[in-house]
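Heads up: the sequence lines are chains G and V, in that order. So for the first sequence, my numbering puts the first residue at 615; every next one is plus one. So for the second sequence, my numbering puts the first residue at 1393; every next one is plus one. Built from N, CA and C at the ideal position, the CB exists for glycine as well. Scroll down for the structure; my scribbles are underneath it.
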Amino acid sequence: MSAKIAPKAANTAASSVISGTAALPVEFAGLGRSFPTADGTRPVLRDVDLVVDAGEILAILGPSGCGKSTLLRIAGGLDRPTAGRVTIGDRAVASYDVRCAVGFQEPRLLPWRSVAQNVALGLPRGTARGAGRQHVERLLELVGLADFAGHRPREISGGMAQRASLARALARNPSVLLLDEPFGALDALTRLKMQDLLLDVHAAEPTTVLLVTHDVDEALQLADRIIVLGTEPDDDERGPVRPGADIRQTVVVPGTRPRDRGSAELAELRGRLLDGLGIDRHGSARGIPSTTTIPAFPY
Amino acid sequence: MTDASHPVLSTGPAIHDGDDVRVAVNGMNTVVARGRGAGREASVTPTEPARRRLVDRRWFRIAGGAIIPVALLATWQLVSTSGAVPVSLLPSPEMVWLAAVDLAQRDLLGLYVAISTQRVFIGFAFGAFFGLAVAAIVGLSKLGDILLSPTLGAIRAVPSLAWVPLLILWFGIAEDSKVILIAIGAFFPVYTIVAAALRHVDRHLLEAGRAFGLRGLRLLGAVQLPAVIPSVISALRLALAQAWLFLVAAELIASSMGLGFLLVDSGNNGRIDRIFLAIILLAVLGKLTDALVGLFERWAVKRWA
Chain G
615 MSAKIAPKAA NTAASSVISG TAALPVEFAG LGRSFPTADG TRPVLRDVDL
665 VVDAGEILAI LGPSGCGKST LLRIAGGLDR PTAGRVTIGD RAVASYDVRC
715 AVGFQEPRLL PWRSVAQNVA LGLPRGTARG AGRQHVERLL ELVGLADFAG
765 HRPREISGGM AQRASLARAL ARNPSVLLLD EPFGALDALT RLKMQDLLLD
815 VHAAEPTTVL LVTHDVDEAL QLADRIIVLG TEPDDDERGP VRPGADIRQT
865 VVVPGTRPRD RGSAELAELR GRLLDGLGID RHGSARGIPS TTTIPAFPY
Chain V
1393 MTDASHPVLS TGPAIHDGDD VRVAVNGMNT VVARGRGAGR EASVTPTEPA
1443 RRRLVDRRWF RIAGGAIIPV ALLATWQLVS TSGAVPVSLL PSPEMVWLAA
1493 VDLAQRDLLG LYVAISTQRV FIGFAFGAFF GLAVAAIVGL SKLGDILLSP
1543 TLGAIRAVPS LAWVPLLILW FGIAEDSKVI LIAIGAFFPV YTIVAAALRH
1593 VDRHLLEAGR AFGLRGLRLL GAVQLPAVIP SVISALRLAL AQAWLFLVAA
1643 ELIASSMGLG FLLVDSGNNG RIDRIFLAII LLAVLGKLTD ALVGLFERWA
1693 VKRWA
């Protein structure tokens, strides 16, 4: 029951529904964020310079606690940087910027509202009643929840709640879609279906997507480009490690979507990304050279 | 327990039916269980209307609730007819009934009940309204909290009877002073409970609400208030009880009608039958008005929980 996404229905719905605002580029310039602690401040992010093109899907990887979510929250105006700035299009990000929509790690649905009412919460201000209702109906169809529109969040499964949460974010017609490990809590099969759903939606309406994830395969499957956040590697010769994470690695994912989940190229990239995340490949750890057809970045 | 919790997530529309029944039957318990992040667990309740247990049946609840009052009445009747206690200390139920009939024939009973109820309702309405408004200010804004809560805490510490002489001097012995005293009594439970609840609304939901463009009053109406509905209902219950308490305090001291007046007047005249009558009326009226809050609660739970 939790996997009721009919691909055909999804495709037709996706192509007919969402005629949103145009995708916008996102630019991070010299971005830093530190949090006050009992003894001074603790830098989490530093010197993040990044341009996300309009319509690009960018995946942000990194070990947990490295500031992935913080970066995303800053992009959406849910948090403010302590250094640098973020611009969406040609305007700086405002507090809770209306051009963004956020899909949180948890569904965060209002428990006292029905699924449809929760999705309607995402509609931009000033949407006409009838048009809004139609839009919500189509979105629910798109995420396979049309039969559950009147249910309360506690009456549906976790995967369904997460889909409702995605529908709510899509209801905004965002220029920039910010997804914070949106499928992290889902079971493996539902996660794959949700990834395909996201790609369907993106194909119909190519909005800019920033996707935080800890799943390398998910990043490879969905993204045009992947950045890896992390702190400096521990190196005795260069003195103490500078605190705070920055971009350690950028990977342009080859090929076009939808990608073959089993391709050898992706497998190689996967190993390289895991390396960057501090997970040794057995071969490279033992000094065995790995053969690859992919040149190192930049190509 | 386990077999009861099983069919919940799989049944579609049946949950709705089951839900309604559960809400209607459990009344207050349901609300208290819901609010605070109860989320999923709230649906883990027996939902088969066909096989309800005896304690969930309406007639059983009514009959069960009547057992103790009926037993008390019977004991009262027995003790007073046995002559073990002199009538000047314990009038018989019949005497109390006759006192009620006597007052009713002189058109006083209805008047006393009406005026007392009116005072309680007006005072409660004002107190609850301002309680909610101030709770919103204190619970939602840091500045409001810093500015107001120490002062309000001090005013809350003043015992109710201490206000009476001041209010009488300022507003006279007419309705104003009594209604204001009752409003003070109803204000503080609502303010205290709701302000505390508003401070602890789920941060995640608030952030989601803000991220989707809700701000100020819209955020209050869409997220914060529904999230604290269970607290608001308990606060209103408490405020109503306080309102009756303050009513008697007001009427005991300066009044020419009302149940509190009946109490003090009968006490001065040694009419113990009327004292009993006034106490019984206060109990019944308090319970009836509490049932009104119960109706509101059922509606609110259906709407928001």
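CA-to-CA, the gap between Pro-872/G and Pro-857/G works out to about 38 angstroms.
With contacts defined by Cβ atoms closer than 9 angstroms, Val-826/G and Glu-795/G form a contacting pair. At a cut-off of 9 angstroms between beta carbons, Phe-1688/V makes no contact with chain G. Taking C-beta atoms as the reference points, Leu-645/G and Pro-695/G count as a pair closer than 9 angstroms. Close to Phe-1604/V, with beta-carbon spacing below 9 angstroms, are these residues of chain G in chain order: Tyr-710, Ala-715, Val-716, Leu-735, Gly-736, Leu-737, Arg-782, Ala-783, Ala-785, Arg-786.
Contact annotation, Thr-864/G with Arg-839/G: C-beta distance approximately 7 angstroms; criterion of less than 8 angstroms satisfied.
DSSP places Gln-719/G outside any beta strand (DSSP E), giving it a letter other than H or E.
A direct Cα-Cα distance of roughly 16 angstroms separates Leu-1481/V from Val-1656/V. Interface with chain V (9 angstroms Cβ-Cβ cutoff): Leu-692/G is included. Glu-819/G carries a coil assignment under DSSP once its states are collapsed to helix, strand and coil. Listed along chain V are His-1596, each with a C-beta nearer than 7 angstroms to that of Glu-720/G. As for any alpha helix (DSSP H) of minimum length 4 sitting wholly inside the segment 665-740 of chain G, the runs are 682-689, 729-734, ordered along the chain.
A Cβ-Cβ separation of about 7 angstroms places Leu-1544/V in contact with Tyr-1583/V under the 8 angstroms criterion.
Taking the Cα positions, Ala-1600/V is about 7 angstroms away from Arg-722/G. Among the CB atoms of chain V, none fall inside 9 angstroms of the CB of Leu-685/G. In this structure, the CA atom of Ile-1538/V is about 41 angstroms from the CA atom of Arg-777/G. C-alpha of Leu-685/G to C-alpha of Val-842/G: approximately 12 angstroms in a straight line. Neighbours of Leu-724/G in chain V, taken as residues at a C-beta separation under 9 angstroms, are given in chain order as Leu-1597, Ala-1600, Gly-1601, Ala-1614, Val-1615, Pro-1618, Ala-1619. Each residue's CA atom was taken as its position, placing Asp-661/G and Ser-648/G some 12 angstroms apart. No Cβ of chain G is located within less than 9 angstroms of the beta carbon of Trp-1691/V. Listed in chain order, the non-local C-beta contacts of Arg-768/G below 7 angstroms within the same chain comprise Pro-725, local neighbours out to five positions each way being set aside.
About 7 angstroms separates the beta carbon of Val-757/G from that of Leu-811/G, a gap short enough to meet the 8 angstroms contact definition. Excluding its 5 nearest sequence neighbours in each direction, Gln-1634/V has C-beta neighbours in its own chain below 7 angstroms: Gly-1577, Ala-1578, Pro-1581, listed in chain order. In this structure, DSSP gives Ala-1603/V a helical state, which the three-state scheme calls helix. Ile-1454/V sits exposed, since fewer than 16 C-beta atoms from the chains shown fall within 10 Å of its C-beta.
Taken atom to atom, the span from the alpha-carbon of Ala-1506/V to that of Val-1512/V is near 10 angstroms.
Between the segment 1491-1509 of chain V and the segment 1636-1654 of chain V there are three or more C-beta pairs closer than 8 angstroms, enough to call the two in contact. Listed in chain order, the alpha helix (DSSP H) elements of length 4 or more contained wholly in the segment 1544-1620 of chain V are 1552-1563, 1567-1591, 1595-1603, 1608-1611. When rounded, the separation of the alpha-carbon atoms in Ala-742/G and Phe-1604/V is 17 angstroms. Three or more Cβ pairs drawn from the segment 783-791 of chain G and the segment 712-719 of chain G lie within less than 8 angstroms of each other, which places the two stretches in contact. Assigned with DSSP and collapsed to three states, Val-1505/V falls in helix. When DSSP reads this structure, Ala-859/G sits in a beta bridge with Leu-659/G. Excluding the 5 residues flanking it on each side, Arg-1450/V has no same chain C-beta neighbour closer than 6 angstroms.
Within the DSSP secondary-structure output, Leu-791/G pairs in a beta bridge with Ala-715/G, Val-823/G. Counting the other CB atoms within 10 Å of its CB gives Ser-678/G a total below 16, which places it among the exposed residues. Going by C-alpha positions, Ala-818/G is about 19 angstroms away from Ser-779/G.
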